[in-house]
Amino acid sequence: MFQTKPTESTSQGWMANKEKKQNVYFMKAKYEVDDEFYTNYHEIKKELDDYKSHFKGKIVVCPCNDGKKSNFYHYFKLNFKELELQKLITTTFNINDQNAKGTKIEITTKEKKETQLHGRGDFRSDEIREIIAQGDIIVTNPPFSLFRDLIEIVESEKKKFLIVGGTYSITYKMIFELYEKGKIWLGNNQVNIFTRPDGTKKRFSNISWFTNLKSIKHLEPIKLTKRYKNNEHKYPEYDNYKAIEVTSYKDIPIDYYGIIGVPLTFFLRHNPAQFNILGCDFQIKEKYPELVKQDFTQSNTKSAVLNGQEMFTRIIVQRKNGLMPRIKLQNQF
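All the letters of the sequence shown, read from the start, carry residue numbers 1492 to 1824 under the working numbering.
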């Protein structure tokens, strides 16, 4: 495996280095109506059903919710007995009224209690942080622009969690470091359909679950069926890096042990026992200069470039089996 060189980089992800055409909408969003997208019930059920064993006897807290309209509330209320929950706590935040107080709803096997909060219900407030501290598992869909804030809170409180966020968020420095330490990973499914506060629907292809709960799928390696030999033309090398492009984790060749670049969706099926994560493409110049092609003239970009086109963020990985030792690098597998 490549040994990481110390770096003073303060990059928070690809937006710290350059502007991408995709997903800029989320990066500019504030805690406003246009930053609010409500998760549909079937999307919640599809993911959470894989973690049923984790909820037994636990207190689940759902901040960032729209009270009884929230599908997180509906899921846990409808499945309370089956999941054998100890308690469900949901909090509300009125996004339309700056003076409105939030609400806390508590459900146990014995009662359902609804009380008014002292503040608006912002999960960053001391009041909601105290409620989060009471829970065992935090499950919610925060405003996309505040995703990192919530991850930082649940991490500091050492909570288990299932939180919806942009898949690209994994390239943020803080999130990526948590991933590398095995403290966070992507869930089993992406979230595709959301509802706006006005009732209209919006489809996305880049939203995932972030979690530190294990499911059976995380024990399964990616099934590799494609071959590199005699198909080299399907795996071109980048113009600027000594790594080949693999357009989908499903296309990773079983007979290739070199360095490859894969899209962010690779994390949906990544098994740490199978692949080593070297980093994001924009980290390569600093961390692994030996992978940089010195004859590449467009030195102003850090992204992987293929056929003259700058690629959307690529994750640079390598199979763990069959790594060849390198003289100047240590900590080999």
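Where a beta carbon is used, it is the ideal one built from N, C-alpha and C, also for glycine. Owing to the predicted nature of the structure, the values given are computational and were not obtained by experimental measurement.
Nearest-angstrom Cα separation, counted from residue j out to residue i
{"i": "residue 1675", "j": "residue 1722", "result": "35 Å"}
{"i": "residue 1731", "j": "residue 1767", "result": "21 Å"}
{"i": "residue 1589", "j": "residue 1545", "result": "36 Å"}
{"i": "residue 1595", "j": "residue 1634", "result": "19 Å"}
{"i": "residue 1686", "j": "residue 1562", "result": "11 Å"}
{"i": "residue 1644", "j": "residue 1610", "result": "18 Å"}
{"i": "residue 1572", "j": "residue 1653", "result": "20 Å"}
{"i": "residue 1808", "j": "residue 1772", "result": "10 Å"}
{"i": "residue 1706", "j": "residue 1535", "result": "15 Å"}
{"i": "residue 1551", "j": "residue 1622", "result": "10 Å"}
{"i": "residue 1678", "j": "residue 1587", "result": "31 Å"}
{"i": "residue 1670", "j": "residue 1682", "result": "20 Å"}
{"i": "residue 1788", "j": "residue 1724", "result": "23 Å"}
{"i": "residue 1701", "j": "residue 1591", "result": "30 Å"}
{"i": "residue 1646", "j": "residue 1792", "result": "33 Å"}
{"i": "residue 1802", "j": "residue 1775", "result": "14 Å"}
{"i": "residue 1727", "j": "residue 1769", "result": "19 Å"}
{"i": "residue 1608", "j": "residue 1557", "result": "14 Å"}
{"i": "residue 1531", "j": "residue 1593", "result": "22 Å"}
{"i": "residue 1604", "j": "residue 1699", "result": "32 Å"}
{"i": "residue 1744", "j": "residue 1715", "result": "6 Å"}
{"i": "residue 1786", "j": "residue 1533", "result": "51 Å"}
Beta-carbon proximity list for residue i, same chain, < 8 Å, skipping 5 on both sides
{"i": "residue 1560", "result": "1529"}
{"i": "residue 1568", "result": "1579, 1598"}
{"i": "residue 1673", "result": "1763"}
{"i": "residue 1805", "result": "1736, 1752, 1753, 1754, 1771, 1772, 1794, 1795"}
Coarse secondary structure for residue i, derived from DSSP in three states
{"i": "residue 1756", "result": "helix"}
{"i": "residue 1699", "result": "strand"}
{"i": "residue 1809", "result": "strand"}
{"i": "residue 1645", "result": "helix"}
{"i": "residue 1604", "result": "strand"}
{"i": "residue 1535", "result": "helix"}
{"i": "residue 1715", "result": "coil"}
{"i": "residue 1777", "result": "helix"}
{"i": "residue 1653", "result": "strand"}
{"i": "residue 1769", "result": "strand"}
{"i": "residue 1568", "result": "helix"}
{"i": "residue 1828", "result": "There is simply no residue 1828 to check, as the chain begins at 1492 and stops at 1824 in what is shown."}
{"i": "residue 1663", "result": "coil"}
{"i": "residue 1729", "result": "coil"}
{"i": "residue 1574", "result": "helix"}
{"i": "residue 1788", "result": "coil"}
{"i": "residue 1740", "result": "helix"}
{"i": "residue 1679", "result": "strand"}
{"i": "residue 1748", "result": "coil"}
{"i": "residue 1586", "result": "coil"}
{"i": "residue 1693", "result": "strand"}
{"i": "residue 1672", "result": "coil"}
{"i": "residue 1595", "result": "strand"}
{"i": "residue 1631", "result": "strand"}
{"i": "residue 1804", "result": "coil"}
{"i": "residue 1563", "result": "helix"}
{"i": "residue 1546", "result": "coil"}
Exposure of residue i, with buried meaning 16 or more beta-carbon neighbours within 10 Å
{"i": "residue 1780", "result": "exposed"}
{"i": "residue 1692", "result": "exposed"}
{"i": "residue 1624", "result": "exposed"}
{"i": "residue 1459", "result": "The structure shown has nothing for residue 1459, since the chain only spans 1492 to 1824."}
{"i": "residue 1800", "result": "exposed"}
{"i": "residue 1711", "result": "exposed"}
{"i": "residue 1512", "result": "Because the pLDDT of residue 1512 is 37, which lies under 50, any placement of that residue in the model is unreliable, and the number read from its coordinates should be weighed accordingly. Exposed."}
{"i": "residue 1738", "result": "exposed"}
{"i": "residue 1547", "result": "exposed"}
{"i": "residue 1853", "result": "Residue 1853 is absent from the structure shown; the chain starts at 1492 and stops at 1824."}
{"i": "residue 1778", "result": "buried"}
{"i": "residue 1521", "result": "Summary for residue 1521: the model assigns pLDDT 40, below 50, so the residue's position carries little reliability, and this model does not support an answer."}
Neighbourhood of residue i by C-beta, 7 Å cutoff - its chain only, sequence neighbours within 5 removed
{"i": "residue 1720", "result": "1746"}
{"i": "residue 1615", "result": "1640"}
{"i": "residue 1697", "result": "1514, 1657, 1658, 1659"}
{"i": "residue 1740", "result": "1713, 1753, 1756, 1757, 1760"}
{"i": "residue 1619", "result": "1554, 1582, 1612, 1613"}
{"i": "residue 1549", "result": "1576, 1577, 1627, 1628"}
Spatial neighbours of residue i in its chain, beta-carbon cut-off 6 Å, leaving aside the 5 residues before and after
{"i": "residue 1742", "result": "1717"}
{"i": "residue 1650", "result": "1629"}
{"i": "residue 1704", "result": "1542, 1545, 1651"}
{"i": "residue 1708", "result": "1679"}
{"i": "residue 1638", "result": "1656, 1660"}
Contact belief for residue i with residue j at Cβ below 8 Å, rounded distance in angstroms
{"i": "residue 1538", "j": "residue 1680", "result": "5 Å"}
{"i": "residue 1782", "j": "residue 1734", "result": "6 Å"}
{"i": "residue 1642", "j": "residue 1666", "result": "7 Å"}
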